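Inspection log for the structure reproduced underneath, given as structure tokens.
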Amino acid sequence: TYVIAQPCVDVMDRACVEECPVDCIYEGGRSLYIHPDECVDCGACEPVCPVDAIFYEDDLPDEWLPYLTDNADFFTETLGGQDAPLGSPGGAAKVGATGSDAPLVASLPPQAS
Ligand code: F3S
Ligand code: F3S
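Heads up: the sequence shown runs through residues 2 to 114, numbered per UniProt numbering.
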């Protein structure tokens with residue numbers, strides 16, 4: 002899977018969303034998250050991010066490795082403001098902005114822009 006790391010937090014440019022052929026990039030409150038089971042590893046999202054937040058999992062810089070788990074947690078955990086985990090909705094457009102964030106992103110102080 003591809004992973005969205007910390008540079009997206011409080012930036013949320015959303016250019017990646019337009020590129021994804023399977024609509025598997027979901028919007029939280031402060032970041033976007035790639036669904037690890039729905040992503041088909043096409044790589045189209047990675048070059049369009051203006052802050053270089055997107056990496057193939059094997060290419061994640063060490064400092065962003067925790068985002069592999071955090072992207073997955075966005076879908077499997079019951080996050081603040083939710084009654085149940087998001088699961089695998091099969092498309093982000095119909096879900097819209099959830100307003101909830103995975104634990105690591107939620108724990109971060111405001112990121113300088
Ligand atoms: Fe975030 Fe970059 Fe997409 S800032 S929303 S990962 S284009
Ligand atoms: Fe979509 Fe990027 Fe995966 S464009 S299919 S999230 S590699």
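Idealized CB from N, CA, C, for every residue including glycine. This structure is a prediction, so every number in the text was calculated from the model and none was measured.
**Distance cut 7 Å, beta-carbon to ligand 1 heavy atom: residue list by chain order** = Qualifying residues come out as Ile5, Pro8, Cys9, Val12, Met13, Asp14, Arg15, Ala16, Cys17, Val18, Ile26, Ser32, Leu33, Cys46, Val49, Cys50, Pro51, Val52, Ala54 and Ile55.
**Message:** If distances are taken between C-alpha atoms only, which option among Met13, Ala107 and Thr2 comes closest to alanine 45?
**Reply:** Walking along the sequence shown from the start, residue 45 turns up at place 44. Residue Thr2 is the option with its Cα nearest to alanine 45.
**Asked** Excluding sequence positions up to five away, which residues of its chain have a Cβ less than 8 Å from the Cβ of phenylalanine 56?
**Response** Taking the first residue of the sequence shown as position 1, residue 56 is located at position 55. The beta carbon of phenylalanine 56 sits closer than 8 Å to the beta carbons of Tyr3, Val4, Ala6, Glu47, Pro62 and Trp65 from its chain, once the five residues preceding and following it are set aside; these are given in chain order.
**Prompt:** Near glycine 92, what residues of its chain come up, given a Cβ to Cβ distance below 6 Å and the 5 sequence neighbours on each side ignored?
**Reply:** Working through the sequence shown from its first residue, we reach residue 92 at position 91. Counting only Cβ-Cβ distances below 6 Å, and skipping sequence neighbours, we find Asp24.
**Asked** Is it buried or exposed for proline 37, if we count other Cβ within 10 angstroms and need 16 for buried?
**Response** Looking up residue 37 in the sequence shown gives position 36. Buried is the label assigned to proline 37, since at least 16 other Cβ atoms lie within 10 Å of its Cβ.
**Asked** Residues in its own chain within less than 8 Å of serine 89 by CB, not counting five upstream and five downstream?
**Response** Locating residue 89 in the sequence shown gives position 88, counting from the first residue. Shown here for serine 89: same chain residues with a beta carbon closer than 8 Å to its own, the five before and five after excluded, namely His36, Asp38, Glu39 and Phe76 in chain order.
**Prompt:** From the DSSP output, which residues share a beta bridge with alanine 98?
**Reply:** Here residue 98 refers to the residue found at position 97 of the sequence shown. Beta-bridge pairing links alanine 98 to Glu28.
**Message:** Given the structure, does glutamate 64 come close to ligand 2, in the sense that its CB is under 8 Å from one of the ligand's heavy atoms?
**Reply:** Counted from its first residue, the sequence shown places residue 64 at position 63. Outside the cutoff, so no.
**Prompt:** What does a CB cutoff of less than 7 Å around proline 8 pick up in its chain, not counting 5 residues either side in sequence?
**Reply:** In the sequence shown, the residue the question calls residue 8 occupies position 7. Val52, Asp53 and Ala54, listed in sequence order.
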